[in-house]
Structures are given as structure tokens and as C-alpha cells.
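Asks: In this note's numbering, the protein residues as written are 24 to 244. The beta-carbon is built from N, C-alpha and C at its ideal position, and this holds for glycine as well. Here the structure is a predicted model, which means the values were calculated and not measured. The structure's right below; bear with me while I get my questions together.
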Amino acid sequence: MSPLGLRQVYDRLLHAQGPQGWWPAETPVEMAIGAILTQNTAWTRVEVAMANLRGAGLLDARRLADLPTDVLAKHLRPSGYFNLKARRLKALAAFLADELDGDPSRLARMPLDQARARLLAVPGVGRETADSILLYAAGHPIFVIDAYTRRLVERLRLADPTAPYDDLRDRFERELPRDAALYNDFHAQIVIHAKDRCRKKPRCQACPLRPDCAVASGGTE
DNA sequence: TCCCAGGTGTCTC
DNA sequence: GAGACACATGGG
């Protein structure tokens, strides 16, 4: 069992990194598109594909849904799995266009369970992708469990990192207040920490998750 | 050259 | 239900 509670972990990350107010996209539609494109892919590759879509005027659910799969796949090539993601993105875009007037933030008007079930019924939208859209595009209070979150869980021995997705999500949601802004920022803190600190400096002596962390105790990096 | 990156669906046992 | 595998590019 970790000596740190989840709230304490969040407070340390927040203190060290500052509030993130985060999902690296401009609009709810871009967030939903990014949630598909980032599946098992580094975000740097997603940004290239997103730039292609933006340049082609395709950051729009109806246009994406109507585009031939092979044409869309060409735009998505830099993000990897481009044939697969073209099919998945068209399926999500069709759902958004047909049922939400192209605006994923309209999921906020539905009860969370209903909105999640609707998303999970879209081919290629699994738990993590659905929850990313629900939290970041629609503002529902649901915690996103991704590879970064599992690594944090493993490192701090918060739970079994191989536990089923919903078990880990329940763990976070039980121990934290039901607050979309908190879940949004906590997940962002985990990602930023993993990418900017621990991945580049695995032996970082100023890691805010260390008990003797200089950053968390008010020292300097 | 090899490993890895913010998953999901399908198939097999 | 669990595990293996396919899906693909490009940076380090």
C-alpha cells in the first residue's frame, strides 16, 4: 500500500507543475478526434495528423463522416494504424453528426451512464476513448485510466496496475471528490509528469512523488 | 536497428 | 474470461 493517498499525489503534482487546464485541443470536436487518433500512439504523431485534417478543413463531424475511408486514411497516415483509425474516426464522426449535431459537448446533456453507453456502442470507441471524450469534451466527472495512469498506479503501488479498467476508475472516483475539473487536471498532471519529468529524467531527484521531494516541500529544482 | 507510444476488436482455448 | 495477436508510423 502506498504511503500517499490519491489526493496527496495530486496535490504534489499540482504544486510542482501548476494547474494544467488541459486536453491538447481547441474544440470539443478536436478533442473527440484526438481521442481516436491517440490510441496506442504518441501525441506528437497525433498532432501531425490533426494538422493535416485542419489544413483540409476536416475538423468537422459531418465532413469526416462523408469522406471516403481511403482519403481520410491518407490524412491520418502520420498517426499510425491509419486504415484502422480512418474507419473508427468515420464511425465516431457519423455518431456525432447524426445524434449530437456534430457537437460532442452535447453529451453533457445526457446522464453519464447513458452518454457512456452510447459512445461505447460506436465501433472503435472503447472505455478509455469514451471516458476521454466524456471528461474533456463534455465535462462529465469520469476519471480516465490510460497507460500513464497505470504506470503511476504501479509506481506508487496504489492498486494492481493490471486490474480491469473499470476497477481502477472506481478506485480513483471513490477516493476523490466527484469533480470533473479535478479529474481533468489530475489526469493532465499524470501525463505531463510522465512525459516531461519521469520519462526524460527517470532518476529525477526532484520528482514531486518522492517522499523527500524538494519541489513538493517548497524547494527548487 | 530496435523499442516504444495516452487502445480496440477479434480470435482461440 | 483470459491471453495472443493485428493494426503502422516515426522519434530516440
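1. Buried or exposed, going by whether 16 or more other CB atoms sit within 10 Å of the CB of G125?
2. Within its chain, find whatever has a CB closer than 7 angstroms to the CB of V214; leave out the 5 residues flanking it on each side and keep chain order.
3. Span of the alpha helix (DSSP H) holding W66?
4. Could you tell me how far apart the beta carbons of L285 and L142 are, in whole angstroms, since I believe they sit closer than 8 angstroms?
5. Any contact of the stretch 89 to 98 with the stretch 44 to 54, i.e. 3+ C-beta pairs under 8 angstroms?
6. Reducing DSSP to helix, strand and coil, say where P42 ends up.
7. To which residues of the same chain is F195 closer than 7 angstroms at the C-beta, ignoring the five residues directly before and after it?
8. Rounding to the nearest angstrom, what Cα-Cα distance links A204 and Q212 in this structure?
9. In whole angstroms, give me the CA-to-CA distance for A153 and K113.
10. How big is the Cα-Cα spacing for E245 and I168?
11. Out of curiosity, what's the CA-to-CA distance linking L199 and P42?
12. When you compare the stretch 71 to 84 with the stretch 97 to 104, are there three or more beta-carbon pairs, one atom per stretch, that lie closer than 8 angstroms?
13. With DSSP collapsed to three states, give me the class of T152.
14. Give the secondary structure of V94 by DSSP, where H, G and I count as helix, E and B as strand, and everything else as coil.
15. Could you have a look at P200 and say whether DSSP puts it in helix, strand or coil?
16. Is it the case that the Cβ atoms of P164 and Y206 are separated by a distance below 8 angstroms?
17. Just how far apart, CA to CA, sit L82 and L76?
18. Taking the alpha-carbon positions, what's the P184 to H210 distance?
19. Output the distance between the C-alpha atoms of G241 and A217, rounded to the nearest integer angstrom.
20. Which stretch, first to last residue, makes up the alpha helix (DSSP H) that contains E122?
21. Within a Cβ cutoff of 8 angstroms, which residues of the same chain sit near S128, ignoring the five residues on either side of it in sequence?
22. What would DSSP say about E49, mapped onto helix, strand or coil?
Replies: This is what the structure gives:
1. buried
2. Y171
3. W66 to G78
4. The structure shown does not extend to residue 285, since the chain is modelled only from 24 to 244, so the question has no answer here.
5. no
6. coil
7. L29 and F166
8. 12 angstroms
9. 15 angstroms
10. Only positions 24 to 244 of the chain appear in the structure, and residue 245 is not among them; the question remains open.
11. 17 angstroms
12. yes
13. helix
14. helix
15. coil
16. yes
17. 6 angstroms
18. 16 angstroms
19. Its pLDDT being 34, under 50, G241 is placed unreliably in this model, and the value from its coordinates should be taken loosely. Rounded to whole angstroms, G241 to A217 spans 21 angstroms at the Cα level.
20. F105 to E122
21. P51, A160, A161 and G162
22. coil
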